[in-house]
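Participant:
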Amino acid sequence: MRQSNGYVILFTTIMTVVVGGLLSFTSQFLAPAQKKSIELDTKTQILGAVQELKEGDDILAMYKDRINSLTVDFEGNVVTTNAKGGAMVAEEVNILKNYKKAPKDRVYPVFMYMNEQDTTKIDAYILPLYGAGLWDKIWGFAAMDNNLETIVGVAFDHKAETPGLGARIKDADVRDRYVGKKIYNESGELMSVSMVKGEGNEGLTDHQVDGMSGATLTGKGVNAMMMQYLESYQAYFKKVKAGAAI
Amino acid sequence: MSTETLEQPIKKDSEALFSKRRKRIVSDPLNDDNPITVQVLGICSALAITIKMEPTLIMSIAVIFVIVFSNLIISLLRNLIPGRVRIIVQLAVVATLVTLVSEILKAYNYEMYKVLGAFVGLIITNCIVMGRLEAFAMGNKPYDSVLDGLGSGLGYSWIILAVAFFRELFGSGSLFDVKIYDWIASMTGFQLQTNGMMVDSIGAFMVLGIIIWVQRSKTGYVEH
């Protein structure tokens, strides 16, 4: 009986229903907790670009206090509706999905870090970045001062860069190198900030930082990512500088 | 080989909870019949995730969980599973458990999920899990199968933890992300250099090879 076709079909049918049911139940049951983890992770990274975070900080409360967000398109216009017709929420923009589109078709979230005392004053603009490292994708956030000229902090993360080499983009000593660097030259041209080959370089300009020895290709990925995203935000930067109320 | 005696179902009803035979089910895979070093299974994951201690520990716990519960479930169902589709049934059980682990990590330890995401999925293809289901759980009682799963899981875990210990120490100069080399430098003023080869898969092969060598020179095990 255990070998008959009928029994095999019956057994596999029951198994499929039980397994499928269990998995969809788990997925439904855990969805809120997963959404929360992802939200916490994103907000930790955004805040991490402008300030050092400590273990036990209430990230969500800090985020609520200090960050205002909006979303713009390639021309620098504010986007208020998402693709499904609902309200656009900058935190929910999937940077990876947008990265796969052409730059002019993407939407670009902007996170504004507000002054602690005067909550109408913007201290920094935090922009998401996305690109390709040596082995897999890399991403991060760059924080610009309120003149949109100087970098006040960056946060990088990666999927599979080599530990001890390219994976160092996550480390504070590498990230700190970007602080105070300028993204424009004297004639106002966008230069971005790029990693050069090797460490301990002398005579670095305002647009250069030390690279990571042994991880030149990851550095190139970071440079390309910075340049591409800073370029894409130029229209928005111009509008802000012209005094547009956004 | 000791596996051959293990894999015969032994009919004895009133056996002590931790009889000699049952202790052997757990202890054999730790050394004499280790899934990695003797049976040479699960090498893939032993190379991929052992760069640092912390993900290795999480992976160990995940594998033990999956192997114990899949052994239990398959053993409970062993008289119901049709022989012709047994591999598919085993695969479905393992895949379900792995998906559960992955979903739970995603919900409650997102950091780890980001590090291990792809590898947790690959527990499905870890030959140790399927190997134990096919070789043991299909023919033994549930409690024995749980012990067998526990033994194999622990045997797998201690090896990958040992490999990760050396790889993280020599490759990154740290253990569980505590920077040992920097601490030594601050104490003695002597900065040790990390070895880049250890963060590569090559390092894992070498450490694993040395562990196998030491173990076999002690147990006298020879491959036939």
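As given, the protein sequences belong to chains X and R, one line each in that order. For the record, in the first sequence the residue sitting at position 36 is 36 according to our numbering, with numbers rising by one throughout. In our numbering, each residue's number is its place in the second sequence (first place is 1) plus 246. C-beta: ideal position from N, C-alpha, C; glycine also.
1. By Cβ distance, which residues of its chain are closer than 7 Å to L441/R, with the 5 residues on each side in sequence left out?
2. Do I405/R and I350/R have their C-beta atoms within less than 9 Å of each other?
3. Hey, how far is the Cα of V18/X from the Cα of A381/R?
4. Are the stretch 147 to 154 of chain X and the stretch 180 to 200 of chain X touching by the rule of at least three beta carbon pairs closer than 8 Å?
5. Assuming I370/R and V340/R are in contact, meaning their beta carbons sit under 8 Å apart, how far apart are those beta carbons, in whole angstroms?
6. Assuming Y63/X and K84/X make a contact with CB atoms under 8 Å, what is their CB distance in whole Å?
7. To the nearest angstrom, how far is it from the Cα of G86/X to the Cα of T80/X?
8. Return yes when the Cβ of A383/R is within less than 9 Å of the Cβ of L318/R, no when it is not.
9. So does the stretch 272 to 292 of chain R actually touch the stretch 420 to 434 of chain R, counting three or more Cβ pairs closer than 8 Å?
10. Roughly how many angstroms lie between the CA atoms of L276/R and T12/X, to the nearest whole one?
11. Please report how far the alpha carbon of I304/R lies from the alpha carbon of T296/R, in whole angstroms.
12. Any contact between the stretch 389 to 398 of chain R and the stretch 441 to 454 of chain R? By contact I mean 3 or more CB pairs, one from each, below 8 Å.
13. Mind pulling the chain X residues with CB within less than 8 Å of V312/R?
14. Could you pull out every residue in the same chain whose Cβ sits closer than 7 Å to the Cβ of G133/X, ignoring the five residues on either side in sequence?
15. Quick one: which unbroken alpha helix (DSSP H) runs of 4-plus residues sit fully inside the stretch 161 to 216 of chain X? Chain order, please.
16. Roughly how many angstroms separate the alpha carbons of G329/R and L362/R, rounded to a whole number?
17. Quick one: is L165/X near chain R, going by C-beta distance under 9 Å?
18. Based on Cα-Cα distance, which residue from L40/X, G131/X and A235/X lies nearest to K104/X?
19. Would A33/X count as contacting chain R if we go by Cβ distances under 9 Å?
20. If you compare alpha carbons, which of L129/X, N146/X, K100/X and V93/X is closest to N115/X?
21. Rounding to the nearest angstrom, what Cα-Cα distance links E52/X and D41/X in this structure?
22. Does the beta carbon of Y184/X come closer than 9 Å to any beta carbon on chain R?
23. According to the neighbour-count rule (16 or more other Cβ atoms, all chains shown, within 10 Å of its Cβ), is W139/X buried or exposed?
24. In the structure shown, what three-state DSSP assignment does M114/X receive?
25. Return no unless some Cβ of chain X is closer than 9 Å to the Cβ of E250/R.
26. Per the DSSP calculation, S69/X is bridged to which residue(s)?
27. Indicate whether at least one CB of chain R lies closer than 9 Å to the CB of T162/X.
28. Quick one: grab the DSSP three-state call for V331/R.
29. From which residue to which residue does the alpha helix (DSSP H) around P128/X run?
30. With a CB to CB cut of under 8 Å and the five nearest residues on each side skipped, what residues in its chain are close to T465/R?
31. Are the stretch 190 to 202 of chain X and the stretch 222 to 229 of chain X in contact at 8 Å, needing three or more beta carbon pairs?
32. Taking just the CA atoms, how far does R175/X sit from M88/X?
33. Would you report the Cα separation of R168/X and N223/X, rounded to the nearest angstrom?
34. Can you pull the chain X residues whose beta carbon is under 9 Å from the beta carbon of K352/R, in chain order?
35. Can you tell me whether F111/X is buried or exposed? The criterion is at least 16 other CB atoms within 10 Å of its CB, across all chains shown.
36. Look at the alpha carbon of D171/X and the alpha carbon of N372/R, and state the distance between them as a whole number of angstroms.
Facilitator: Let's see:
1. Translated into the one-based positions of the second sequence, residue 441/R becomes position 195. The displayed chain sequence assigns Asn, not Leu, to residue 441/R. Only F416 and G417 meet the Cβ criterion.
2. Taking the second sequence and counting its residues from 1, the one referred to as residue 405/R is at position 159. Taking the second sequence and counting its residues from 1, the one referred to as residue 350/R is at position 104. Between I405/R and I350/R, the gap from beta carbon to beta carbon reaches 9 Å or more.
3. Residue numbering aside, residue 18/X sits at position 18 when the first sequence is read from its first letter. Residue numbering aside, residue 381/R sits at position 135 when the second sequence is read from its first letter. The straight-line gap from Cα to Cα measures roughly 25 Å.
4. Between the stretch 147 to 154 of chain X and the stretch 180 to 200 of chain X there are three or more C-beta pairs closer than 8 Å, enough to call the two in contact.
5. Here the question's residue 370/R lines up with position 124 in the second sequence. Here the question's residue 340/R lines up with position 94 in the second sequence. Rounded to whole angstroms, the Cβ separation of I370/R and V340/R is 6 Å, and the two are in contact under 8 Å.
6. If you number the first sequence from 1, residue 63/X lands on position 63. If you number the first sequence from 1, residue 84/X lands on position 84. Approximately 24 Å separates the beta-carbon atoms of Y63/X and K84/X; this is outside 8 Å, ruling out the contact.
7. Position 86 of the first sequence, counted from the first residue, corresponds to residue 86/X. Position 80 of the first sequence, counted from the first residue, corresponds to residue 80/X. The alpha-carbon atoms of G86/X and T80/X are separated by roughly 8 Å.
8. Taking the second sequence and counting its residues from 1, one reaches residue 318/R at position 72. Taking the second sequence and counting its residues from 1, one reaches residue 383/R at position 137. Between L318/R and A383/R, the CB-CB gap stays under 9 Å.
9. Short answer: they don't touch.
10. Taking the second sequence and counting its residues from 1, the one referred to as residue 276/R is at position 30. Taking the first sequence and counting its residues from 1, the one referred to as residue 12/X is at position 12. T12/X has its alpha-carbon roughly 35 Å from the corresponding atom of L276/R.
11. Counting from one through the second sequence, the residue named residue 304/R turns up at place 58. Counting from one through the second sequence, the residue named residue 296/R turns up at place 50. Taking the straight line from one Cα to the other gives about 11 Å.
12. Taking 8 Å as the limit for Cβ pairs, the verdict is that the stretch 441 to 454 of chain R does not touch the stretch 389 to 398 of chain R.
13. Taking the second sequence and counting its residues from 1, one reaches residue 312/R at position 66. Those do not exist, as V312/R stays about 14 Å from chain X at its closest Cβ, beyond 8 Å.
14. The residue labelled residue 133/X in the question sits at position 133 within the first sequence. Hits under 7 Å: H158, E161, G166, T218 and G221.
15. Counting whole runs of 4 or more residues, the stretch 161 to 216 of chain X contains the alpha helix (DSSP H) stretches 172 to 175.
16. Here residue 329/R is taken as the residue at index 83 of the second sequence, counted from 1. Here residue 362/R is taken as the residue at index 116 of the second sequence, counted from 1. Cα-Cα distance, rounded: 34 Å.
17. Taking the first sequence and counting its residues from 1, the one referred to as residue 165/X is at position 165. So yes, L165/X belongs to the interface.
18. For this step, residue 104/X is matched to residue 104 along the first sequence. Residue A235/X is the option with its Cα nearest to K104/X.
19. In the first sequence, residue 33/X corresponds to position 33, counting from 1. Taking 9 Å as the threshold, the shortest C-beta distance from A33/X to chain R falls below it.
20. Stepping through the first sequence from its first residue, residue 115/X is reached at position 115. Selected option, being the one with the closest Cα: N146/X.
21. Residue 52/X sits at position 52 when you count from the first residue of the first sequence. Residue 41/X sits at position 41 when you count from the first residue of the first sequence. Rounded to the nearest angstrom, the two C-alpha atoms are 15 Å apart.
22. By one-based count along the first sequence, residue 184/X stands at place 184. Not one beta carbon of chain R lies nearer than 9 Å to the beta carbon of Y184/X.
23. Residue mapping note: residue 139/X aligns to position 139 of the first sequence, counting from 1. Per the 10 Å Cβ criterion, buried.
24. The residue you call residue 114/X lines up with position 114 of the first sequence. M114/X carries a strand assignment under DSSP once its states are collapsed to helix, strand and coil.
25. For this step, residue 250/R is matched to residue 4 along the second sequence. Only weak support exists for where E250/R lies, its pLDDT of 49 falling under 50; the value from the coordinates is given anyway. It does not: the Cβ of E250/R has no partner Cβ on chain X nearer than 9 Å.
26. In the first sequence, the residue the question calls residue 69/X occupies position 69. Answer is F111/X.
27. Locating residue 162/X in the first sequence gives position 162, where the first residue counts as 1. T162/X counts as touching chain R.
28. Sequence index remark: in the second sequence, residue 331/R carries index 85 (1-based). Helix.
29. Taking the first residue of the first sequence as position 1, residue 128/X is located at position 128. If you look at P128/X, you'll find it isn't in any alpha helix (DSSP H); it sits in the beta strand (DSSP E) that goes I122 to A132.
30. Locating residue 465/R in the second sequence gives position 219, counting from the first residue. Counting only residues of its own chain and dropping the five nearest sequence neighbours on each side, T465/R has a CB closer than 8 Å to the CB of N277 and D278.
31. Remark: three or more beta-carbon pairs, one from each stretch, lie closer than 8 Å, so the stretch 190 to 202 of chain X and the stretch 222 to 229 of chain X are flagged as touching.
32. On the first sequence, position 88 is the one that residue 88/X refers to. On the first sequence, position 175 is the one that residue 175/X refers to. Their backbone Cα atoms lie some 30 Å apart in a straight line.
33. Reading the first sequence from its first residue, position 168 is the one you call residue 168/X. Reading the first sequence from its first residue, position 223 is the one you call residue 223/X. In a straight line, the C-alpha of R168/X is about 15 Å away from that of N223/X.
34. Taking the first residue of the second sequence as 1, we reach residue 352/R at position 106. Under the 9 Å cutoff, chain X gives L30, A33, Q34, S37 and I38.
35. Here residue 111/X refers to the residue found at position 111 of the first sequence. Around the beta carbon of F111/X, 16 or more other beta carbons sit within 10 angstroms, so the residue counts as buried.
36. Numbered from 1 along the first sequence, position 171 holds the residue referred to as residue 171/X. Numbered from 1 along the second sequence, position 126 holds the residue referred to as residue 372/R. In this structure, the CA atom of D171/X is about 33 Å from the CA atom of N372/R.
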